[in-house]
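Since the structure comes first, as structure tokens, the remarks are kept for the end.
Residue numbers (the working numbering), protein chains in the order written: chain F, 1 to 88; chain Z, 89 to 168; chain H, 169 to 337; chain E, 338 to 454; chain D, 455 to 569; chain W, 570 to 727; chain V, 728 to 840; chain X, 841 to 931; chain C, 932 to 1454.
Right, here's the structure in full:
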């Protein structure tokens, strides 16, 4: 009973997402790209790094990267805390 | 050139989806993890074809070796 | 200490090989690249020297052996590998197999030598090293076309043990 | 030049394809390993060799260092394949034998008699 | 259909992951499902940044005069991949602890907390 | 119970271990020029640790790697990272104060396609290194901890 | 008294006045209490409950456990509580299932409207 | 020049098709080692394909990804192999 | 001083973060009680900084901080119309939530000094506590939607690790942690998917910029649904609430108090999405009613499930669900009438004030109640109400604090719960009388269930096993007393808070133009 309810819900969910996938803009043709064009044009002059992705990761969106490194740190602290008496 | 490339995209995605499907449906855990590794490998190839080498390296380093390693640790500890 | 220096040099060379492009030094490397190579090799040497030289044996460092190794690689090894592939192609197409696992005793003492031999065997005609006896370095080999139930070394791997001995022992 | 590249590539593709077909056709793990390891390694050597030849040729022709880098990095990748593949195959074969997967149609199995565990 | 196939693949991956979460009983299978959803989202982000006939946004020895794909999704995906591995590691660790304490990984039996 | 893998694998591992390390550090150091960076390089080096764990087993790995040292490195990497962010407080948090300044990592890059110069990038390069240290230590700690824990739990089951 | 005056949409609320009124009422109650009988003494027979001759329970026995409080309430609402408790299975699959279910319902509602 | 690059693209696509063939072993493989062999084959094919595509895109830096894969797929293989061995021993 | 104020948005995040990275190093050399004091001092500093920022924001308008720009206020690069860097945008609503986070986490750290004494791995505990606090600040202050995702993920991982922290003693904490991890992974991944949908259409990640170009296409609808559902789930609304009792009951008591604030940060994000991101472009009546229905369900099912619980913390967790319903109800009414200026003026704003004031009140009294539950657990070692009894004889402070908290949650005047509930009742009555009546009924049931707790835990004769129970240590009493004082103060002078903090918060939510123009310049 419950399983079939969830199954129908799941089917509806996937169907809606599929509809939206067909409604997506065509693959490979972004409609706006103002922010990214800024990065591509100015990253080299502003930071001096050739790799635009790294520039975004560590400079323009450096704060995200701090958060990301923190996520990893949190996970490690969590795992060590979980196993603090299992593994010496 | 571009028609060959879109064909490549579709084949890689199909192979990846099959591998992901296997990862879900296989009963035993180890084959399912192997299928997951294959899916992650092909995902990395797809990233490569989409011109994202940074992400491809990250997915390769993390998906291939480390995810595999931690899944195997977990399976090893929780085996009946 | 020797192990540290050797690891350092090894990683230094590997790093330079990876980063060769344009620059002041020999037209291939820039100055910063060399500095980075030094620092990184130091770190790697500190972290990996104990792993690389667990047995403290340094006879592999003889450059002559490396020259022989290169010669082996492009000469007999490549030839045998080509032969192996044609063999496998034949078997894939016809499906004729007669497999079995046999044992050989190449009497090699050295880890590097036995590794070289095993890998060569794996890549060459109709053979695949399955297991190794840790005590006396006997190799157990899966042979796709068993012609002789008690094979000699020459049957399986030709002149490879000699080469392996020459290179690594 | 183009002819050389086409020859190298077709040899490589032929052996790679043979490897995957052999993986399909052979009856047990060990023979499949034969096909998979040998053929794909050999095929990959040839496809990579074509890239290396291409890189060195263009390096010489245009003098642009990036083609040299292309060749060198391909050599590194090739060395990695050559040294990791047979070792991996050995590990799988050993694990398969120890986990009790016996070779089919085997004429002789000395390892089983030796019982190394 | 063909033009949008990557988006469809994303939805299928997402669907597979959610299916695993709802219908599979093994806790490690659930972790696999979460990994699949993660893969789907990562693929989605990268797909958004793709531009036909463009190359990666790296100036080092790139071909001349070719446009570049959008770099932001790659940066975001990089972040999300590392977050994903952290999540997976934590989830599996907790599963190991659960197995140690409960002796089972079946989600029908891992429910002392209810009601 | 024997922990190690066969002799052939062990011998190969020693070689590949060194090379993976070199390659990982190459990816970290060239993060601002080639694909890669702190995360990717860190995860590659951490994979090398995972390789050690699988070939030599837990006991022997502890001779080569100290978990305490790794967890110290992890915090250190993050502290360096956040300190570089703090140093930018003259303008804003995370301001790239090193780029185009002429100091370490501060030469300005050629605009357009170029072979790349290691000494560019400003704080991008520095943060790459800091994050690289953090990630390699963090993933290494994860691998070592989970491996030990899984072995302990497995033994307890017997 | 503008401090403490809270607009509440259709009226206002003044806590301090409420407190003052409470205190005044409390004083009034105390005053009423003081007007009670004065012969009440502690520790005499007056404090003992009259239990129709039954023996008095000890303090420990008279303590009602938490499970027994509102027993009648839950018993009366059995048909409401039974399915509700059954829904809370504590099974992780159901947790994710509910999320998807709610998402699907909202999808349908928003899609229809 | 551009024709020269196209030479590499077609073999790359063919390699991807071979992956599809190898995948059948992953689906069918009666034992776990069979699946591992399939994974190993797919790994090698992916590395070779990455090299070819890198040449086809005329991007030198893409080869780095192939090197990472060639190195790290080995680790995954070793993990599975060791686990199979250990599981057999404990049984 | 002004320098500190300029950089305060960055420092309030970076300081606890730096401390969190240093704690493992310090803890390696110093394993004494000093760690707790260190963490408390750091959190106290960030509390001070938050109050400073609040003072500034309430008088001078929103605070903007651009990370990595050459100036903190320079949001747009010259010649471009979109921001390219991560921007912190702290307006009235953000700082309102920030104050809650600061107070709760500071008191949690103070309480932990004694409460966690006997546990091993304390440096990890304090690290995680600091990280959780940081993540909550980040969720509340950020103006960048991907940055929000990152902080959401930090918050969930840190909470999971803290929930499962006591898994060395028994298996249940690990089980609760697993459930919460799965649920919050789904939430985070769906948020990431929604981020991708926004990015794919508009190529921006800044929330204000997205809001200014929002067209409410089909894809925006899907993003809205994903965001609303998963954020409501993280806030713990019925029927996606089932992780809440598990997680709240198994976490250590101070963590439970902070978890309440963390789930309210998700609630904040829900309001932020519906009001600031979409505002009237969405179909306000439908979405408003969806939120109202979720709220009413949460209120009613939460409280009825609470009545039958035997575990004291589980009971309180169900009450947390039910109180979340009030907030959803109040703000949902505001959302439903958002497109109707007359109704918005006459009761919509009041309803939202009620809902948002209730967030703060709930954080305070539910925090106090969880702390008293923790105090009981600290002395008796059990959470089962059947095994407790007669504790009022020995733990008089705790009893008083519990009475204050219970009266506040049940809406008894003159405590703060009454003030916010009264606003909700009266304004919702004008919207729909039935909802108001349900809300009052729920309040009565809340009182009933707390009478049960009070009776079975505190009243009655001294039990045999609890003869030697003493009052809890000083630092725990201090934390509880502070919360009790805040509750009484809010109850006596609710207008001070409503006029100075809540009203600006509500106006910041309703007025979308202010939100976007702070980033994009004048409209």
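Built from N, CA and C at the ideal position, the CB exists for glycine as well.
Computed from a predicted model, the values in this text were never measured in an experiment.
Going by DSSP in three states, residue 23(F) sits in which element: helix, strand or coil? To locate residue 23(F), count along the first chain from 1; it is residue 23. If DSSP states are grouped into helix, strand and coil, residue 23(F) belongs with the helices.
Straight-line Cα distance separating residue 85(F) from residue 721(W): Numbered from its first residue, the sixth chain carries residue 721(W) at position 152. Numbered from its first residue, the first chain carries residue 85(F) at position 85. Near 10 Å, if we compare the C-alpha coordinates of residue 85(F) and residue 721(W).
Compute the distance between the beta-carbons of residue 1411(C) and residue 1300(C), then report whether it is under 7 Å. Taking the first residue of the ninth chain as 1, we reach residue 1411(C) at position 480. Taking the first residue of the ninth chain as 1, we reach residue 1300(C) at position 369. Cβ atoms of residue 1411(C) and residue 1300(C): not closer than 7 Å.
Within the same chain, show all residues whose beta-carbon is closer than 6 Å to that of residue 290(H), passing over the 5 residues directly before and after it, in chain order. Looking up residue 290(H) in the third chain gives position 122. Same-chain partners within the cutoff: 296, 297.
Taking the alpha carbon of residue 878(C) as the reference point, which residue from 1342(C), 1073(C), 1157(C) has its own alpha carbon closest? Residue coverage of chain C in this structure runs from 932 to 1454, which leaves residue 878(C) outside it and unanswerable.
Using three-state DSSP, classify residue 559(D) as helix, strand or coil. Here residue 559(D) corresponds to residue number 105 of the fifth chain, with the count starting at 1. It is coil, neither helix nor strand.
Since residue 904(X) meets chain W, which of its residues come closer than 8 Å, beta carbon to beta carbon? Residue numbering aside, residue 904(X) sits at position 64 when the eighth chain is read from its first letter. Under the 8 Å cutoff, chain W gives 596, 603, 604, 605.
Is residue 190(H) helix, strand or coil when you go by DSSP? Sequence index remark: in the third chain, residue 190(H) carries index 22 (1-based). DSSP places residue 190(H) in coil when its eight states are reduced to three.
Beta carbon of residue 278(H), beta carbon of residue 294(H): below 7 Å? For the purposes of this step, residue 278(H) is identified with residue 110 of the third chain, where counting begins at 1. For the purposes of this step, residue 294(H) is identified with residue 126 of the third chain, where counting begins at 1. In this structure, residue 294(H) does not lie closer than 7 Å to residue 278(H) by Cβ.
Which of helix, strand or coil does DSSP assign to residue 680(W)? Along the sixth chain, one-based indexing puts residue 680(W) at 111. Residue state, collapsed to three classes: coil.
Against residue 141(Z), what residues of chain D qualify as contacts under a CB-to-CB distance less than 7 Å, listed in chain order? Walking along the second chain from the start, residue 141(Z) turns up at place 53. Per Cβ cutoff of 7 Å: 510.
Indicate whether at least one CB of chain F lies closer than 7 Å to the CB of residue 731(V). Locating residue 731(V) in the seventh chain gives position 4, counting from the first residue. Not closer than 7 Å to any Cβ of chain F, the Cβ of residue 731(V) fails to qualify, so no.
Inter-residue spacing [alpha-carbon to alpha-carbon] between residue 1271(C) and residue 77(F): Taking the first residue of the ninth chain as position 1, residue 1271(C) is located at position 340. Taking the first residue of the first chain as position 1, residue 77(F) is located at position 77. Their backbone Cα atoms lie some 50 Å apart in a straight line.
Which residue marks the beginning of the beta strand (DSSP E) containing residue 197(H), and which one marks its end? Position 29 of the third chain, counting from 1, holds the residue named residue 197(H). From DSSP, residue 197(H) is part of no beta strand (DSSP E); its letter is neither H nor E.
How about residue 102(Z) and residue 133(Z): do their beta carbons lie closer than 7 Å? Stepping through the second chain from its first residue, residue 102(Z) is reached at position 14. Stepping through the second chain from its first residue, residue 133(Z) is reached at position 45. Going by C-beta atoms, residue 102(Z) is not nearer than 7 Å to residue 133(Z).
8 Å Cβ shell around residue 808(V) - same chain, five flanking residues per side excluded: In the seventh chain, the residue the question calls residue 808(V) occupies position 81. So the list reads 801, once near-sequence residues are dropped.
For residue 568(D), does the count of other Cβ atoms within 10 angstroms reach 16, so buried, or fall short, so exposed? Locating residue 568(D) in the fifth chain gives position 114, where the first residue counts as 1. Burial call: exposed.
Strand pairing of residue 1177(C), partner residues [DSSP]: Numbered from 1 along the ninth chain, position 246 holds the residue referred to as residue 1177(C). Per DSSP, none; premise fails for residue 1177(C).
When you check each C-beta in the region 872-900 of chain X against every C-beta of chain D, which residues fall closer than 7 Å? 897, 898, 899, 900
Can you give the beta carbon distance from residue 553(D) to residue 563(D), rounded, assuming they're within the 8 Å contact cut? In the fifth chain, counting from the first residue as 1, residue 553(D) sits at position 99. In the fifth chain, counting from the first residue as 1, residue 563(D) sits at position 109. Contact flag wrong, Cβ pair sits at about 11 Å.
At a cut-off of 6 Å, is residue 270(H) close to the ligand MN when judged by its beta-carbon and the heavy atoms of the ligand? Judged by which ligands are present, the structure shown has none, so any question about the ligand MN falls away.
CB-CB length for residue 738(V) against residue 1002(C), believed under 8 Å: Along the seventh chain, one-based indexing puts residue 738(V) at 11. Along the ninth chain, one-based indexing puts residue 1002(C) at 71. Not really, about 49 Å apart at Cβ, beyond 8 Å.
Min CB distance residue 75(F) to chain C below 7 Å: The count along the first chain starts at 1 and reaches residue 75(F) at position 75. True, the Cβ-Cβ gap to chain C drops below 7 Å.
Rounded separation between residue 1175(C) and residue 1443(C) - CA only: The residue you call residue 1175(C) lines up with position 244 of the ninth chain. The residue you call residue 1443(C) lines up with position 512 of the ninth chain. When rounded, the distance between both Cα atoms is 32 Å.
Indicate whether at least one CB of chain W lies closer than 7 Å to the CB of residue 157(Z). Sequence index remark: in the second chain, residue 157(Z) carries index 69 (1-based). It does; some Cβ of chain W falls within 7 Å.
Using only CA atoms, which one of 966(C), 1447(C), 947(C) lies nearest to residue 1208(C)? For this step, residue 1208(C) is matched to residue 277 along the ninth chain. Among 966(C), 1447(C), 947(C), the Cα nearest to that of residue 1208(C) is on 1447(C).
Does the region 387-395 of chain E touch the region 404-419 of chain E, meaning 3 or more C-beta pairs lie closer than 8 Å? yes
For residue 1277(C), which beta-bridge partners are listed by DSSP? For the purposes of this step, residue 1277(C) is taken as the residue at position 346 of the ninth chain. Paired residues: none, contrary to the question.
Taking only three categories from DSSP, how would you classify residue 671(W)? On the sixth chain, position 102 is the one that residue 671(W) refers to. Coil.
Using the beta-carbon count (16 or more within 10 Å), is residue 638(W) buried or exposed? Looking up residue 638(W) in the sixth chain gives position 69. So residue 638(W) counts as exposed.
So which of 923(X), 910(X), 871(X), 925(X) has the shortest CA-CA distance to residue 422(E)? Position 85 of the fourth chain, counted from the start, is the residue given in the question as residue 422(E). Selected option, being the one with the closest Cα: 910(X).
Please report how far the alpha carbon of residue 15(F) lies from the alpha carbon of residue 130(Z), in whole angstroms. Residue mapping note: residue 15(F) aligns to position 15 of the first chain, counting from 1. Residue mapping note: residue 130(Z) aligns to position 42 of the second chain, counting from 1. Rounded to the nearest angstrom, the two C-alpha atoms are 25 Å apart.
Report the rounded CA-to-CA distance for residue 1325(C) versus residue 811(V), giving the unit in angstroms. Within the ninth chain, the letter at position 394 stands for residue 1325(C). Within the seventh chain, the letter at position 84 stands for residue 811(V). If I take the Cα positions, the gap works out to 38 Å.
With a Cβ-Cβ cutoff of 7 Å, do residue 74(F) and residue 1038(C) count as a contact? For the purposes of this step, residue 74(F) is taken as the residue at position 74 of the first chain. For the purposes of this step, residue 1038(C) is taken as the residue at position 107 of the ninth chain. Not a contact, by the Cβ cut-off of 7 Å.
Let's test the definition: count the other Cβ atoms within 10 Å of the Cβ of residue 551(D) and tell me whether it reaches 16, buried, or not, exposed. Here residue 551(D) is taken as the residue at index 97 of the fifth chain, counted from 1. It is buried - the Cβ of residue 551(D) has at least 16 other Cβ atoms within 10 Å.
At a CB-CB cut-off below 9 Å, which residues of chain W make contact with residue 955(C)? Along the ninth chain, read from residue 1 onward, the residue named residue 955(C) stands at position 24. Near residue 955(C) (Cβ distances below 9 Å), the residues of chain W are 640, 641, 643, 644.
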